[in-house]
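Chains as they are written, first to last, in my numbering: chain A, 1 to 360; chain B, 1001 to 1360; chain C, 2001 to 2360; chain D, 3001 to 3360.
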């Protein structure tokens, strides 16, 4: 059940990088929710490649065709289905991957698991391209949550060790969220230095990784469930479904584990009947359930595995060590394009929790 | 569906801290797997409180009674059910929690979600005590995995900023795993300093947190599924069900996001037909699927929320700010007791993935 | 996942007939629902054996102990757990079942599936005794549905070919439902003849089966989902989980398949704004979704497999045909005791659908 | 979660009758299973309309386009996705359905559930047209099961009260199964009379229903799980997802409930080490688990709800009774076309159970 997510919504993602189409079905969405396809397209464009110097020069059309579930710009209660047809022809770039697996890619474990039947072209079902249908589902959920006053924004927190300003506690910038940019940072100078680091890595035939911070505002207290249905579990399951994600923490997270309880606990305060905490080390979640403070998490993106430099690998046919040069054009840093993907994943998890909580 | 986990096994956890009993049901386990109840008890004892200076002085009997599913020390194919009866009487310690929520606890969001009907005594269903039935299920899975050569060991990686030696790459110490200790570190000197930090925090009426590292050896390549069924997603969903967990990363994780691709990629090598990687920054997982290298993850445990110091909170009835002193005896650091809990969670996730992969 | 049911509630049933205890966990129930344990006990007593001439003379105490999820007679939001301890000692009646399987029982397929590790005593996990925890869960759901005006009543429709009066269209008898009887028929004379047939079969060392009709009133239109989430699918999955059920149809069901469309279609009519149908051949369900008319289904119960007469079977050790005489005391007809079980199963399915529909 | 089915496979069906496309995704299928698309097309053609006198004269192209999951005629391990594009333009036939619901259709409950946002054209998501993607999934599963020696065949058991010969016990006719016909009966004379009844109903502007019997041979003993995971529950959940199904029983089913235990129990016999039963009233299932005998079930199909005759209905806007004449071309009997649909549903359920049992 590799590619199915959710409790009260059921998301199913399908497709291979160079197959006829990629797409998604999304079941369990109530009827009568409005859909702004133009706004969705703007969201998808944030993920699309080929837009600037630090992403791949491949040009993909990520324009979804809705096959079901939406009628006259409203959900009709039936499962939503959308596809993006692939125009890239099956290239010769990937012929060798079953025999000489690329370091850092799924080639080798896929070969073991699928016994050679897997589709290797462009990474097949493991390709970052599969985040496009994730963004269709997530972009829709993001719209519906916005209609309830729940905003989801992410920014580049770190690239190549260069840190953006933290947005930790009560940062809310709806313009930032809704407009988006192709390099979303809150501190432009930091963003400039990040781009310089990306350029340096690219020039060296190498790649860099980073960290994305995501903040969700407007969530009422009381959403989520204890134990395995907690907001952390719900978000983690889907965020770890994004290729290249290798870390995730909530609120003060790993750094909070270095604090004392008196520092990490968030004291409550009440003003005009409104309950808040003076800090938000909990990241808006206690016992798996939202506190009403912004939900905040950070996610670590590994450096792009596909690099131009020569790498050591093996030849599984010859059973010997060999040298590999990965062909094709690849992002020297996928972090900027991963920002909307993280927002999409968060939106799906939050939408599902809200459906369970009787919102909508 | 707060308290249900799994795909081919279905774990259900129930109970409140001061209710009549806590327990678990575990469905989907094949018949004919042997059960060593003495070994399970030793495992549960590692989690039990009241054993030493740095844990609470409460004394709990964590002796499970098996009600179903096991016959003559073998699984019989029917769902396994076990309970631990609570001997603690309902104390007066917790009477005030609905009105004056404790910072860092689930009291406030639970009050909002359950409208005052929740069981607050001892933290109710949110109590760390619920990790005891998790350890019953996980202790059983750990045994069954061991019978297939799959070993799961965790150690204290950091407490209060004091770091144990990393066990990163090819650390395998079956003795360490099977024997366990009440303060599992690989570097005794570091362990000594950690205990000093715990004592200091306790003396100050405060608490400390830390990081647990877990390593799983013996997993063949090809286990797990792409996207939301990946090993990271499977492990994350259950590990985040452990109270106080606020962070999780795999392999090089967050630190890997600071590296370049050429540093973070793990080059393959083959020796006598055996495929390995020279490093293990992937933590044994690529594309969600095991590589055959040790599966490694780190999890951040926040400092114990219950501290003796006065804290700012609110009175929800009076709608005013107030001062709270948390009553009761509490661990100044739960990290040592959380080590077997992390092993248990990992064992359940891995067992489920192995069932899906046709192992067993 | 043999013993887990539900979408927004998760029911898990455990236990073996002669094991230490049988029980259930029920997750996903909102906090604040009131529980009348005395009324639940009356419901459970309808299922209990040993009450009259046509049921087994075994005497079982079906008094549930609630371990979790209920506090001061209200649900507290945590999973509900209850057990019934078995007082029956492990008898010698069943020693032979792995070698000489009883016709009509699960002995042989269980032996193949579980390889001899299954618990055969009293039928193990396949025993009709497992319907007791089903009735705990269902009895609770029945109470909660009643609080919303949704009533569930079943009666004996046929035993041994003797038919009760049909209750087809707009039969609503809350007294009948709430009081219940140990032989629930609407036509006492028919009930008398049924009991005579049971007595005759018993005297012959044989058994009889029958049909139970269940009617659910007060369900608003619009509950359920299309395709596999339809009310028929939801009810069928759980009703077929009752041992001895071999048939199920809704509304006019099998007999409706002999009609013409003009006869089987239910014409709509509207009176004072209230929409109804003039007939109810649909059994209150169209397209899987409730119409607002009573939901009606019939379920076929096979004659008790355990009979006193000699039967042909095999000896799996000797690989030869042999003659078996089933030991123990058995109901010559389980249909009367199955009536509350059918109500319980229906209540769980309807409760789950109502949770999905935002009722509660 | 209306349109999602399965445990180890996950089937998701999408589409509305007159929407851009209908389709399905099927996740959880192992890599390396061969796919014969020509054979699949022959299977789909059995369901397609417009082929003869007793079906609608609409002509639909049910030619699936595979978007994912199949590579070079083998499954590649990634989710399988297929669509059928709709060529029918949105007609004016259905404009009135929100206001004046058709008797016997989902129009009215859908209007209540979806508040007018549902797609009513051609029945929308409730259309029998949605059985085409079900047949894509089922046709594939049927192929894979055949490769393991498991054959699934259904025939028309009854139409308009005219009965075909029963195929009850050990009927196995692989030719019948694999070739299929557009009017699958075992007794041609009975088939002739059925067709006469259909013609009569059609001439009267009316419709007829019937019963389909399905038999599955080659299933080993030990497949399925107790309680809610039994073969009856698994098959029932999906078969009741087929529009117009209102009844289902297994083996002797409803008629068996009129028998005595001594008649209904199936005595075991052993010959050359092979265990069989002398009768098969259990329909190949005991305790939810296969016995190794043919799995047999009957399903009741209601008469087509769309009839040419005038019918009583209501006008929801005017809140008054009115007369409706259903427009469009409709099958006077859908039973023949439902035969492959029942086979498809059975194949999916059995495939899922076989995956859970480690077959494949």
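For every residue, glycine included, the Cβ atom is placed at its ideal position computed from N, Cα and C.
Asked                                                                                                                                       : Found
Residues of the segment 311–325 of chain A whose Cβ lies closer than 7 Å to any Cβ of chain B, in chain order                               : 311, 312, 313, 314, 319, 320, 321
Residues from the segment 332–358 of chain A in contact with chain C, defined by Cβ distance under 8 Å                                      : 356, 358
Per-residue burial, residue 3329 (chain D) [other beta carbons within 10 Å of its own, 16 or more giving buried]                            : exposed
Buried/exposed call for residue 2157 (chain C), threshold 16 Cβ in 10 Å                                                                     : buried
Proximity to residue 232 (chain A) [Cα-Cα], best of B:1185, B:1023, B:1242, B:1102                                                          : B:1242
Segment contact, 8 Å Cβ cut-off, at least three pairs: the segment 72–89 of chain A with the segment 291–305 of chain A                     : no
Span separating the alpha-carbon of residue 320 (chain A) from that of residue 2240 (chain C)                                               : 56 Å
Sequence ranges, alpha helix (DSSP H) only - wholly within the segment 2181–2259 of chain C, length at least 4                              : 2188–2203, 2231–2239, 2253–2256
Near-chain D residues of the segment 2182–2193 of chain C - C-beta to any C-beta below 9 Å                                                  : none
Short CB-CB distance (under 7 Å) between residue 1020 (chain B) and chain C                                                                 : yes
Burial state of residue 1280 (chain B), where buried means 16 or more other Cβ atoms lie within 10 Å                                        : buried
Beta carbon proximity, residue 3125 (chain D) to chain C, threshold 7 Å                                                                     : yes
DSSP three-state assignment for residue 10 (chain A), whether helix, strand or coil                                                         : strand
For residue 3304 (chain D), three-class secondary structure by DSSP                                                                         : coil
Coil, strand or helix - residue 2071 (chain C) by DSSP                                                                                      : strand
Straight-line gap, residue 2191 (chain C) to residue 2141 (chain C) (C-alpha atoms, nearest Å)                                              : 28 Å
Element boundaries [alpha helix (DSSP H), containing residue 2026 (chain C)]                                                                : Taken as a continuous stretch (DSSP letters only), residue 2026 (chain C) belongs to no alpha helix (DSSP H), being part of the beta strand (DSSP E) at 2021–2027.
Nonlocal neighbours in the same chain, by C-beta distance under 6 Å from residue 3160 (chain D), ignoring five residues either side         : 3197, 3208
Cα-Cα separation, residue 1065 (chain B) to residue 2020 (chain C)                                                                          : 9 Å
Every unbroken alpha helix (DSSP H) inside the segment 3062–3146 of chain D [4 residues or more]                                            : 3107–3114
Member of D:3031, D:3256, D:3204 whose CA lies at the smallest distance from the CA of residue 116 (chain A)                                : D:3031
DSSP-derived helix/strand/coil call for residue 360 (chain A)                                                                               : coil
Residue environment, residue 1213 (chain B), which counts as buried when at least 16 other CB atoms sit within 10 Å                         : buried
Residue of B:1226, B:1134, B:1258, B:1202 minimising C-alpha distance to residue 1044 (chain B)                                             : B:1134
Residue 2241 (chain C): contacting residues in chain D (beta-carbon distance under 9 Å)                                                     : 3226, 3227, 3228, 3229, 3230, 3232, 3233, 3288
Chain-order list of residues whose beta-carbon lies under 8 Å from that of residue 103 (chain A) (same chain, five-residue window excluded) : 305, 311, 312, 313, 324
Residue 354 (chain A) - partner residues in DSSP beta bridges                                                                               : Answer by DSSP bridge pairing: none, since residue 354 (chain A) is not bridged.
Chain-ordered residues of the segment 1090–1115 of chain B with a beta carbon less than 9 Å from chain C                                    : 1110, 1113, 1114, 1115
Below-7 Å beta-carbon distance, residue 3047 (chain D) vs any chain C residue                                                               : no
Any chain A beta carbon closer than 7 Å to residue 3016 (chain D)                                                                           : yes
Whether residue 2293 (chain C) touches residue 2277 (chain C) by CB criterion (7 Å)                                                         : yes
Between the CA atoms of residue 3210 (chain D) and residue 2258 (chain C) - distance to the nearest angstrom                                : 6 Å
Rounded separation between residue 1099 (chain B) and residue 358 (chain A) - CA only                                                       : 25 Å
Whether residue 204 (chain A) touches residue 332 (chain A) by CB criterion (7 Å)                                                           : no
Residue(s) in a DSSP beta bridge with residue 274 (chain A)                                                                                 : A:271
The segment 3070–3091 of chain D: positions lying closer than 8 Å to chain A by Cβ                                                          : 3071, 3074, 3075, 3076, 3077, 3078, 3079, 3080, 3081, 3083
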